[in-house]
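Participant: Under the numbering used here, the first residue of the sequence shown is numbered 5, with each subsequent residue one higher.
Here's a structure for you.
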Amino acid sequence: LMERKAHVKINRKEVMLAKLRKSCSCTPQKLKNFVMDFFPVLRWLPKYQCKEYIWGDVMSGLVIGIILVPQAIAYSLLAGLKPIYSLYTSFFANIIYFLMGTSRHVSVGIFSLISLMVGQVVDRELLLAGFDLNDDGPPALSDGSLQNDSLSNTTAFNLTIVGINAECGKECYAIGIATALTFVAGVYQVLMGIFRLGFVSMYLSESVLDGFATGASLTILTAQVKYLIGIKIPRSQGHGMLVITWINIFRNISQANLCDVVTSAICIVVLVTAKELGDRYKHKLKFPLPTELVVIVVATLVSHYGKLNEVYASSVSGAIPTGFIPPKVPQFNLMLRVAVDALPLAIVSFVFTVSLSEMFAKKYAYTIRANQEMFAVGFCNIIPSFFHSFATSAALAKTLVKTSTGCQTQVSGVISAMVVLLVLLFLAPLFYSLQKCVLACIIIVSLRGALRKFKDVPARYHENKMDTLVWVVTMSASALVSTEIGLLVGIVFSMLCIVVRTQRPRTTLLGQIQDTGFYEDDSEYENLSTVPKVKIFRFEAPLYYANRNYFLKSLYRLTNLDPNLEAARRKKYEKKEKQHLKKENHRTANGLGTRETTLQLVPKQIDFQALVVDCSAIAFLDTTGVNTLKEILKDYKNLNISVLLACCNPSVIDSLKRGGYFGGDFGSMKEMLFYSIHNAVLFAKDQK
């Protein structure tokens with residue numbers, strides 16, 4: 005019998021006080037370490053190996069910057085905001101993550117799923133405020149003014165209901181909602197970092213995230229179809245947006261703009277062909293082809309000189325002003341309206357960033373600090389929200405491009421920010437004539453990776469049926485109801501699947517591998533020998549209140565013996581035996597008749613004298629689990645069958661001790677508990 009180590013009792017109060025004293029103390033060295041930890045750039049930038057790293061960082065930064073500009077302009081459609089705000093978001097996110105991030109490779113900035121979640125909240129609040137969601141009005145004049153909202157929406161709205169005592173147009177109100185939402189999401193992320201709530205991300209399994217991304221991609225695709233074919237339908241809002249939008253599309257299909265349809269077809273063919281060729285020959289290319297930028301430049305030139313907006317009424321981006329708008333504090337009353345919406349946004353943004361950071365840190369053999377990543381993403385939302393920006397996250401596609409073009413550190417992020425700054429200061433007005441259908445094509449083609457998940461469903465189903473079911477449920481809820489509800493449904497459903505798995509786990513009887521001391525599943529392996537007079541039962545889950553009944557039913561079924569029924573049968577037999585003996589005293593019966601009567605009254609013959617419970621897969625016991633084991637111990641003891649436990653882990657043993665399973669003095673423990681199945685079997689064989 006192995007002896008347990010004596011553990012010293014920890015005074016939790018003293019430990020907490022010691023930690024508190026340590027946290028509250030302030031020394032110059034501690035202050036320096038705090039600043040260095042909060043701004044990791046101070047640790048790695050002085051050690052920057054310029055000759056070795058600079059070329060890869062500059063190349064990857066330029067490529068990402070070139071990709072980032074068209075994507076930022078395109079994703080503004082998803083967020084329901086003007087393109088200038090997407091460019092602000094991309095600029096500030098790269099600068100702040102350079103200062104605070106611990107990953108060398110992830111690309112933080114505008115992300116399609118986050119833009120969609122922001123856009124859904126913006127649309128809802130615009131609708132509640134009385135604005136028209138139809139954003140296909142005449143384009144703003146190219147004078148660089150952001151204040152002339154009456155041209156894009158003639159209704160001005162007095163925002164006294166939300167605490168802004170000034171008139172504010174649709175665009176002003178939309179960016180106010182987006183910045184308030186972004187600020188609250190950033191505050192949530194910082195608070196999660198302070199209280200070390202990163203464990204929340206553990207409840208978002210790979211199947212939930214994939215299903216959520218795929219469902220949101222279908223929603224994004226649906227929202228862009230009206231731009232592809234140039235029809236004017238209201239932006240659907242609320243649950244079932246996908247279905248309602250498709251109904252409106254088919255109702256108005258006759259109004260399709262032929263110019264937009266042709267442009268979209270050409271752009272999609274060019275983009276998909278270039279992407280496929282890039283994927284096929286990526287090992288030969290030093291950096292990805294800037295296809296999106298080429299398409300945008302060519303399409304803008306064609307639209308401008310062909311006067312597609314004036315002649316064919318093709319919808320264009322309109323004026324994108326240069327420079328920066330003065331910073332503005334997000335409105336507190338607007339924050340109250342979007343506080344609930346900010347929570348799923350904060351969680352999704354953090355989870356995507358940390359999962360990508362961990363993936364590339366593992367690939368390139370360095371470590372990240374998940375808590376610091378939470379702070380970095382949080383401040384990538386809080387600080388830019390004062391500069392008319394909206395929520396950000398790490399993006400897989402841009403991160404893959406970044407690593408493939410030789411990125412070594414986050415210096416590449418600064419280079420990308422400089423490219424965006426160049427557009428903000430000088431080049432933005434040149435995109436005035438860019439058609440919205442071209443931007444929609446860029447968005448749709450960027451969804452290829454998420455939509456290809458449908459091809460993986462058969463392989464996923466073959467690998468794990470339960471995970472596939474979680475993926476399907478999350479994807480369906482995200483697409484057909486809403487993204488936030490879909491995420492919640494996915495989390496709850498995946499947790500329910502775990503509960504169901506533990507409620508009805510695998511149970512089996514074990515047989516002995518010949519000429520060894522090892523035992524395995526008798527229903528799965530050939531040539532196992534049964535142990536005479538001993539049944540070995542394995543239960544592959546924790547034993548707790550939810551699966552207690554299943555444990556007992558499985559045990560009785562596999563051993564072909566219900567001790568309660570057998571005890572009742574024996575009592576009935578004893579009662580009949582007494583009645584039979586009384587009758588024998590009054591009359592004389594012949595021997596054969598008596599013997600036949602006695603045989604009919606004999607209870608069921610039991611073919612084993614010991615039950616060994618393999619506890620190797622029982623991770624823990626609750627009070628109900630301990631009482632269940634005590635119950636079977638008592639019931640089988642009444643039938644002269646001993647119950648032996650094997651392979652219990654220390655926590656299970658402690659639960660049994662506290663529950664009084666071994667009695668008051670633990671004296672019988674060595675006859676009831678064994679550290680291997682074989683020891684228990686040998687002990688059972690030695691019993692009379």
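Beta carbons are placed, not taken as given, at the ideal position from N, Cα and C, and that holds for glycine.
Values in this document were obtained by computation on a predicted structure and should not be read as measured data.
Count the other CB atoms, across all protein chains shown, that sit within 10 Å of the CB of Cys619; report buried if there are 16 or more and exposed otherwise.
Facilitator: Residue numbering aside, residue 619 sits at position 615 when the sequence shown is read from its first letter. By the neighbour-count rule (16 or more Cβ atoms within 10 Å), Cys619 is buried.
Participant: So Asp618 is in the alpha helix (DSSP H); what residue range does that whole segment cover?
Facilitator: On the sequence shown, residue 618 is found 614 positions in, with the first residue counted as 1. Here Asp618 belongs to no alpha helix (DSSP H); instead the beta strand (DSSP E) covers 612 to 618.
Participant: Considering only the alpha carbon of each residue, which of Cys263, Gly219, Val265, Asn385 lies closest to Val247?
Facilitator: Position 243 of the sequence shown, counting from 1, holds the residue named residue 247. Taking only the C-alpha atoms, the option nearest Val247 is Gly219.
Participant: Between the C-alpha atoms of Gly410 and Phe379, what's the straight-line distance to the nearest angstrom?
Facilitator: Sequence index remark: in the sequence shown, residue 410 carries index 406 (1-based). Sequence index remark: in the sequence shown, residue 379 carries index 375 (1-based). One C-alpha to the other measures close to 27 Å.
Participant: What's the C-alpha gap between Phe161 and Ile179?
Facilitator: Taking the first residue of the sequence shown as 1, we reach residue 161 at position 157. Taking the first residue of the sequence shown as 1, we reach residue 179 at position 175. Legend: pLDDT at Phe161 = 44, less than 50; position of this residue unreliable, value from coordinates given subsequently. Computed Cα separation, rounded: 14 Å.
Participant: Please go through the same chain and pick out, in chain order, the residues whose beta-carbon is closer than 6 Å to the beta-carbon of Ala398, but skip the five residues on each side of it.
Facilitator: Within the sequence shown, residue 398 is the residue found at index 394, counting from 1. Correct list, in chain order: Val110, Val112, Phe356, Thr357, Leu360.
Participant: Using three-state DSSP, classify Phe199 as helix, strand or coil.
Facilitator: Mapped onto the sequence shown, residue 199 falls at position 195. Residue state, collapsed to three classes: coil.
Participant: Taking the alpha-carbon positions, what's the Ser156 to Pro238 distance?
Facilitator: For the purposes of this step, residue 156 is identified with residue 152 of the sequence shown, where counting begins at 1. For the purposes of this step, residue 238 is identified with residue 234 of the sequence shown, where counting begins at 1. Model confidence at Ser156 stands at a pLDDT of 40, short of 50, so the residue's coordinates are unreliable and nothing is read from them.
Participant: Looking only at its own chain, which residues have a Cβ that is under 7 Å from the Cβ of Tyr549, when we skip the five neighbours before and after it?
Facilitator: As a first step, residue 549 must be located in the sequence shown, where it is residue number 545. Contacts found: Asp626, Thr628.
Participant: Tell me the start and end of each unbroken alpha helix (DSSP H) in the region 104 to 139 that is at least 4 residues and wholly inside, in chain order.
Facilitator: Counting only runs of 4 or more, we get 116 to 132.
Participant: Would Phe541 pass as a contact of Leu513 if the rule is Cβ separation under 8 Å?
Facilitator: What you label residue 541 is simply residue 537 of the sequence shown in a count that begins at 1. What you label residue 513 is simply residue 509 of the sequence shown in a count that begins at 1. Result yes, Cβ atoms of Phe541 and Leu513 sit closer than 8 Å.
Participant: In this structure, how does DSSP classify Phe96 when only helix, strand and coil are distinguished?
Facilitator: Reading the sequence shown from its first residue, position 92 is the one you call residue 96. Three-state result, Phe96: helix.
Participant: Give the DSSP-derived three-state secondary structure of Ala170 in the structure shown.
Facilitator: Taking the first residue of the sequence shown as 1, we reach residue 170 at position 166. In this prediction, Ala170 has a pLDDT of 42, which is less than 50 and means its spatial position is unreliable; what the coordinates show is noted afterwards. Correct three-state label for Ala170: coil.
Participant: Does Ser149 come out as helix, strand or coil in the three-state DSSP assignment?
Facilitator: In the sequence shown, the residue the question calls residue 149 occupies position 145. At Ser149, the pLDDT of 40 sits below 50, so the modelled position is not reliable; the number obtained from the coordinates is stated separately. If DSSP states are grouped into helix, strand and coil, Ser149 belongs with coil.
Participant: Taking the DSSP output, what are the residues bridged to Ile517?
Facilitator: Within the sequence shown, the letter at position 513 stands for residue 517. Per DSSP, Leu532.
Participant: Since Tyr316 sits in a beta bridge, which residues does DSSP pair it with?
Facilitator: Translated into positions along the sequence shown, residue 316 becomes position 312. Per DSSP, none; premise fails for Tyr316.
Participant: According to DSSP, is Gln439 part of a helix, a strand, or is it coil?
Facilitator: Within the sequence shown, numbered from 1, the residue matching residue 439 stands at position 435. Here Gln439 sits in strand by DSSP.
Participant: Do Leu232 and Ser268 come within 8 Å of each other at the CB atom, strictly closer than that value?
Facilitator: Looking up residue 268 in the sequence shown gives position 264. Looking up residue 232 in the sequence shown gives position 228. Taking 8 Å as the Cβ cut-off, Ser268 and Leu232 qualify as a contacting pair.
Participant: So, Ile329 versus Tyr79, is the Cβ gap smaller than 8 Å?
Facilitator: In the sequence shown, residue 329 corresponds to position 325, counting from 1. In the sequence shown, residue 79 corresponds to position 75, counting from 1. In this structure, Tyr79 does not lie closer than 8 Å to Ile329 by Cβ.
Participant: If we ignore side chains and look at the alpha-carbon of each, how far apart do Leu254 and Leu262 end up?
Facilitator: Within the sequence shown, residue 254 is the residue found at index 250, counting from 1. Within the sequence shown, residue 262 is the residue found at index 258, counting from 1. As written in the sequence, residue 254 is Phe, which differs from the Leu given in the question. Going by the C-alpha atoms only, they are around 16 Å apart.
Participant: Give the DSSP bridge partners of Ala650, in chain order.
Facilitator: What you label residue 650 is simply residue 646 of the sequence shown in a count that begins at 1. Answer is Asp618, Phe678, bridged to Ala650.
Participant: Suppose you measure from the CA of Gly490 to the CA of Met121; what does that come to, to the nearest Å?
Facilitator: Residue 490 sits at position 486 when you count from the first residue of the sequence shown. Residue 121 sits at position 117 when you count from the first residue of the sequence shown. Computed Cα separation, rounded: 12 Å.
Participant: Taking the alpha helix (DSSP H) that Arg373 falls in, what are its first and last residues?
Facilitator: To locate residue 373, count along the sequence shown from 1; it is residue 369. Taken as a continuous stretch (DSSP letters only), Arg373 belongs to no alpha helix (DSSP H), as it is neither H nor E.
Participant: Taking the beta strand (DSSP E) that Glu210 falls in, what are its first and last residues?
Facilitator: Taking the sequence shown and counting its residues from 1, the one referred to as residue 210 is at position 206. It is not in any beta strand (DSSP E) - Glu210 instead sits in the alpha helix (DSSP H) that spans 210 to 233.
Participant: If you drop the 5 nearest sequence neighbours on each side, which residues of the same chain put their C-beta closer than 6 Å to that of Ser498?
Facilitator: Position 494 of the sequence shown holds residue 498. Hits under 6 Å: Ser209, Val212, Val474.
Participant: Considering only residues of the same chain and omitting the five flanking positions on each side of Val442, which have a CB-CB separation below 7 Å?
Facilitator: The residue labelled residue 442 in the question sits at position 438 within the sequence shown. Thr267, Cys271, Val299, Ile300, Ala303, listed in sequence order.
Participant: Could you check how far apart the C-beta atoms of Ser116 and Ser659 are, in whole angstroms? I think they sit under 8 Å.
Facilitator: Locating residue 116 in the sequence shown gives position 112, counting from the first residue. Locating residue 659 in the sequence shown gives position 655, counting from the first residue. About 48 Å separates the two Cβ atoms, so there is no contact after all.
Participant: Tell me, which residues are paired with Leu625 by DSSP?
Facilitator: In the sequence shown, residue 625 corresponds to position 621, counting from 1. Per DSSP, Leu547.
Participant: For the region 452 to 479, which segments carrying the alpha helix (DSSP H) assignment without a break, of at least 4 residues, lie completely within its bounds, in sequence order?
Facilitator: Correct list: 452 to 455, 461 to 467.
Participant: For Asp690, does the three-state DSSP call read helix, strand or coil?
Facilitator: By one-based count along the sequence shown, residue 690 stands at place 686. Looking at Asp690 - three-state DSSP - the assignment turns out to be helix.
Participant: So, for Gln518: in the same chain, excluding its five sequence neighbours on each side, which residues have a beta-carbon less than 8 Å away from its beta-carbon?
Facilitator: Here residue 518 corresponds to residue number 514 of the sequence shown, with the count starting at 1. Around Gln518: Asn531, Leu532, Ser533.
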